[in-house]
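**Student:**
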């Protein structure tokens with residue numbers, strides 16, 4: 001309950017209490033108001049029962065509020081272990097690795113993921129081939145930066161702006177995820193960054209064969 | 001920072017009192033009705049107490065002070081009530097350095113403290129490489145009724161040093177006119193040989209090459225590389241994108257960067273170079289370069305307690321607008337000041353900041369704790385991106401120390417100076 005609500009309830013209570021005291025201390029001051037009240041209710045038990053019912057309603061409301069909000073206390077820090085933080089690239093993993101149908105359902109999310117992988121691919125071409133950004137971007141658009149057709153199509157600007165892609169884009173979550181994964185894998189492969197789990201599975205030879213770790 | 005709050009612990013007592021009164025009325029039972037008065041007493045109780053005044057003095061001792069990595073360090077904390085209030089319910093959680101884990105005992109303690117009384121508790125942490133400064137301890141005091149709670153922090157400057165010596169900070173050759181410790185490419189007074197040149201009138205006799213004079217009769221003067229002071233700003237990248245870790249058992253890059261910064265600050269304090277500290281993150285922090293023990297203490301105090309240096313990762317939706325702080329920091333840097341930036345290089349904004357500084361004539365060294373992982377596809381993509389940022393920075397003459405936080409920082413800095421890192 002907010003401050004205004006508390007003040008209102010408190011005010012009503014204070015007025016009621018003052019009236020009750022007045023009735024007890026000065027029975028003649030208010031004339032036969034008490035008798036009139038009892039007469040209105042029917043008898044004195046019904047009057048008391050009415051007051052008790054209102055009190056019970058307040059009890060239920062107060063207990064419900066406490067159950068909802070609980071006690072306001074600070075949560076002490078937990079210094080026993082190092083503080084957890086996400087790994088770099090967690091945004092990509094959440095968007096692409098999540099199996100739910102709408103994890104990259106919005107156009108904006110898809111575009112962010114695609115732009116990120118495309119930028120990495122363009123910079124990779126610039127680095128490996130020593131060409132300017134425009135030339136590297138043209139190679140990525142043309143799709144001849146990789147032998148992987150799925151990865152090439154995913155990052156191609158021509159492919160993205162085709163009518164079919166624009167019509168089916170919002171509905172093609174699984175296809176989008178597949179393209180993003182293949183393109184990211186291809187960028188990592190050409191840059192020599194290997195999956196450490198694959199290294200473990202394939203033995204030490206794989207780890208030194210172009211792998212970073 | 002001190003926060004006082006009402007706990008609402010007694011909320012509902014009025015309702016219980018009303019319930020008793022209501023039942024008493026309905027049952028026409030005066031004894032049950034009287035129970036309502038007891039409830040009313042409990043409802044009034046929290047109003048009779050007030051929030052305690054919390055004034056604490058904390059001392060912390062560590063043993064051994066310079067432990068080896070992997071060994072346990074015993075930490076003993078003494079808390080003294082220097083205020084005039086009796087603290088009926090005091091709870092203290094010590095600020096364990098963010099890169100260390102507790103290996104024995106607990107850094108939590110509860111006590112009843114009269115004015116002037118002292119309480120003590122101990123625990124152990126597992127040492128790791130680096131200089132690990134303790135965070136402020138958190139103290140929570142509640143009044144006798146538990147209706148009010150006072151939360152505050154108590155700071156004392158304590159650190160665990162484990163192979164933390166940084167033999168030499170590889171400062172760039174951007175210097176002030178005054179003589180110092182940074183070897184420049186200009187000839188003059190110094191200790192490292194630079195070149196010989198034809199004698200000029202006024203050259204000191206001690207710098208004449210007397211051997212050549214004896215052999216050839218030629219009068220030449222030896223020049224040494226001039227050594228000058230450098231004005232340095234140590235800057236921590238603590239924006240949301242920098243709170244990244246290899247996995248959940250490893251400390252994140254902001255914690256690593258802060259510990260590395262503490263080591264470099266200590267190493268530079270042994271020279272006469274003016275040093276400042278800055279951070280971008282929850283709030284901007286700026287302490288301009290100066291020298292002296294008071295300045296060093298202030299720098300350490302800020303690194304220990306300023307919100308910008310907090311190692312608590314932000315909420316997922318945190319948006320501090322910290323990129324504007326980078327521009328603010330750039331405007332604050334005086335010409336001739338060089339920057340040592342501690343950043344995992346997790347995004348383009350900080351990379352662009354370093355490149356812009358370097359292009360503008362401010363020498364930049366990036367000490368980059370590596371938080372990348374190849375265990376996930378996104379992690380591998382982030383690794384490729386970070387490698388590219390390092391490559392671009394190095395091609396723009398920015399010195400980059402690619403630091404694996406599992407290794408001591410000192411040797412990495414030496415390798416960077418020698419051009420291998």
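Protein chains in written order, with full-length UniProt numbering: chain Y, 1 to 213; chain R, 1 to 421. Ideal Cβ positions, reconstructed from N, Cα and C, are used throughout, including at glycine.
Against chain Y, does residue 109 of chain R count as a neighbour if the rule is that its beta carbon must be under 7 Å from one of theirs?
**Tutor:** Chain Y, which has no Cβ nearer than 7 Å to the Cβ of residue 109 of chain R, makes this no.
**Student:** Could you tell me which chain Y residues have their CB closer than 9 Å to the CB of residue 99 of chain R, listed as they occur along the chain?
**Tutor:** 82, listed in chain order.
**Student:** Which residue comes first and which comes last in the alpha helix (DSSP H) that contains residue 208 of chain R?
**Tutor:** Neither: residue 208 of chain R is in no alpha helix (DSSP H) and is coded neither H nor E.
**Student:** Distance check for residue 14 of chain Y and residue 44 of chain R, CA to CA, integer angstroms please.
**Tutor:** Between residue 44 of chain R and residue 14 of chain Y, the C-alpha separation is close to 15 Å.
**Student:** What does the Cβ neighbour count give for residue 1 of chain R, buried or exposed, with the cut at 16 atoms within 10 Å?
**Tutor:** It is exposed - the Cβ of residue 1 of chain R has fewer than 16 other Cβ atoms within 10 Å.
**Student:** Do residue 18 of chain R and residue 4 of chain Y count as a contact pair if the criterion is CB distance below 7 Å?
**Tutor:** No, they are not a contact pair.
**Student:** Quick one, are the C-beta atoms of residue 105 of chain R and residue 124 of chain R less than 7 Å apart?
**Tutor:** Yes; because the gap between Cβ atoms is below 7 Å, this pair is in contact.
**Student:** In chain R, which residues lie less than 8 Å from residue 148 of chain Y when you measure between Cβ atoms?
**Tutor:** Correct list: empty, because the minimum Cβ distance to chain R is about 15 Å.
**Student:** Excluding the 5 residues flanking residue 171 of chain Y on each side, which residues of the same chain have their C-beta closer than 7 Å to its C-beta?
**Tutor:** With a pLDDT of 47 at residue 171 of chain Y, under the threshold of 50, the modelled position of that residue is not reliable, and the figure given next carries that caveat. Taken in chain order, the list of residues that qualify is empty.
**Student:** Within 10 angstroms of the Cβ of residue 272 of chain R, are there 16 or more other Cβ atoms? Answer buried if so, exposed if not.
**Tutor:** Label assigned to residue 272 of chain R: exposed.
**Student:** Under 6 Å Cβ to Cβ from residue 405 of chain R, same chain only, skipping five residues before and after it: list those, please.
**Tutor:** Hits under 6 Å: 256, 369.
**Student:** On the three-state DSSP scale, how would you describe residue 47 of chain R?
**Tutor:** Note: residue 47 of chain R maps to helix in three-state DSSP.
**Student:** If you follow the beta strand (DSSP E) that residue 350 of chain R is part of, which residue opens it and which one closes it?
**Tutor:** Unbroken run through residue 350 of chain R is the alpha helix (DSSP H), 348 to 359; no beta strand (DSSP E).
**Student:** Identify whether residue 44 of chain Y lies in helix, strand or coil by the three-state DSSP scheme.
**Tutor:** Helix at residue 44 of chain Y.
**Student:** Comparing the C-beta of residue 378 of chain R with each C-beta of chain Y, is any distance below 7 Å?
**Tutor:** So yes, residue 378 of chain R belongs to the interface.
**Student:** When Cβ atoms are compared, which residues of the region 358 to 383 of chain R fall closer than 9 Å to chain Y?
**Tutor:** Per Cβ criterion, the list reads 371, 372, 373, 374, 375, 376, 377, 378, 379, 380, 381, 382, 383.
**Student:** Tell me the rounded alpha-carbon separation between residue 101 of chain Y and residue 175 of chain Y.
**Tutor:** Unreliable positioning characterises residue 101 of chain Y in this predicted model, as indicated by a pLDDT of 46, which lies under 50. The coordinate reading is nonetheless provided below. C-alpha separation (whole angstroms): 11 Å.
**Student:** Residues in the region 16 to 27 of chain R with C-beta within 7 Å of chain Y's C-beta atoms, listed in sequence order?
**Tutor:** Residues 18, 19, 21, 22, 25, 26.
**Student:** Write down every uninterrupted run of the beta strand (DSSP E) in the region 301 to 343 of chain R whose length is 3 residues or greater and which is fully enclosed by it, in chain order.
**Tutor:** Segments of the beta strand (DSSP E) lying fully in the region 301 to 343 of chain R: 337 to 342.
**Student:** Would you kindly check if the distance between the Cβ of residue 260 of chain R and the Cβ of residue 353 of chain R is under 7 Å?
**Tutor:** Against a cut-off of 7 Å, the Cβ pair of residue 260 of chain R and residue 353 of chain R comes out as no contact.
**Student:** Secondary structure at residue 113 of chain Y, three-state DSSP: helix, strand or coil?
**Tutor:** If DSSP states are grouped into helix, strand and coil, residue 113 of chain Y belongs with the helices.
**Student:** Compute the beta-carbon to beta-carbon distance between residue 340 of chain R and residue 365 of chain R, rounded to the nearest angstrom, for a pair I have assumed lies under 8 Å.
**Tutor:** Yes, they are in contact, since the Cβ atoms of residue 340 of chain R and residue 365 of chain R sit about 5 Å apart, within 8 Å.
**Student:** Below 9 Å on C-beta distance, what does residue 42 of chain Y contact in chain B?
**Tutor:** Here the protein chains are Y and R, and chain B is not one of them.
**Student:** On the three-state DSSP scale, how would you describe residue 52 of chain R?
**Tutor:** It is coil, neither helix nor strand.
**Student:** Residue 92 of chain Y touches chain R at which residues, Cβ-Cβ below 9 Å?
**Tutor:** By Cβ distance, chain R contributes 376, 377, 378, 379, 381, 382.
**Student:** Which residues in chain R sit within 9 Å of residue 97 of chain Y, going by Cβ to Cβ distance?
**Tutor:** Near residue 97 of chain Y (Cβ distances below 9 Å), the residues of chain R are 376, 377, 378.
**Student:** Does chain Y have any CB closer than 7 Å to the CB of residue 29 of chain R?
**Tutor:** With 7 Å as the cut-off, residue 29 of chain R does not count as an interface residue toward chain Y.
**Student:** I'd like to check one pair, residue 58 of chain R with residue 90 of chain R: are the Cβ atoms closer than 7 Å?
**Tutor:** Their beta carbons are not under 7 Å apart, which means residue 90 of chain R does not touch residue 58 of chain R by this criterion.
**Student:** Using a Cβ-Cβ distance under 7 Å, would residue 42 of chain R count as near chain Y?
**Tutor:** Cβ-Cβ to chain Y under 7 Å: no for residue 42 of chain R.
**Student:** By the DSSP assignment, the beta strand (DSSP E) with residue 139 of chain R in it spans what residues?
**Tutor:** That run of the beta strand (DSSP E) goes 135 to 142.
**Student:** Contact criterion: CB-CB distance below 7 Å. Does residue 131 of chain Y meet it with respect to chain R?
**Tutor:** No, residue 131 of chain Y does not count as interfacial toward chain R.
**Student:** How should residue 78 of chain Y be labelled, buried or exposed, when 16 other C-beta atoms within 10 angstroms of its C-beta is the threshold for buried?
**Tutor:** The residue is exposed, with fewer than 16 neighbouring Cβ atoms inside 10 Å.
**Student:** What residue does the beta strand (DSSP E) around residue 231 of chain R start on, and which one ends it?
**Tutor:** Segment 231 to 237, the beta strand (DSSP E) holding residue 231 of chain R.
**Student:** How many whole angstroms separate the CB atoms of residue 85 of chain Y and residue 245 of chain R, which I take to be in contact at a CB cut-off of 8 Å?
**Tutor:** Confirmed, Cβ separation roughly 4 Å.
**Student:** Once you ignore the five residues that flank residue 307 of chain R on each side, which residues in its own chain have a CB closer than 7 Å to its CB?
**Tutor:** Cβ within range, chain order: 282, 283.
**Student:** Contact defined as beta carbons within less than 8 Å: I believe residue 391 of chain R pairs with residue 127 of chain Y. What is the distance between those atoms, to the nearest angstrom?
**Tutor:** Correct: roughly 6 Å between the Cβ atoms.
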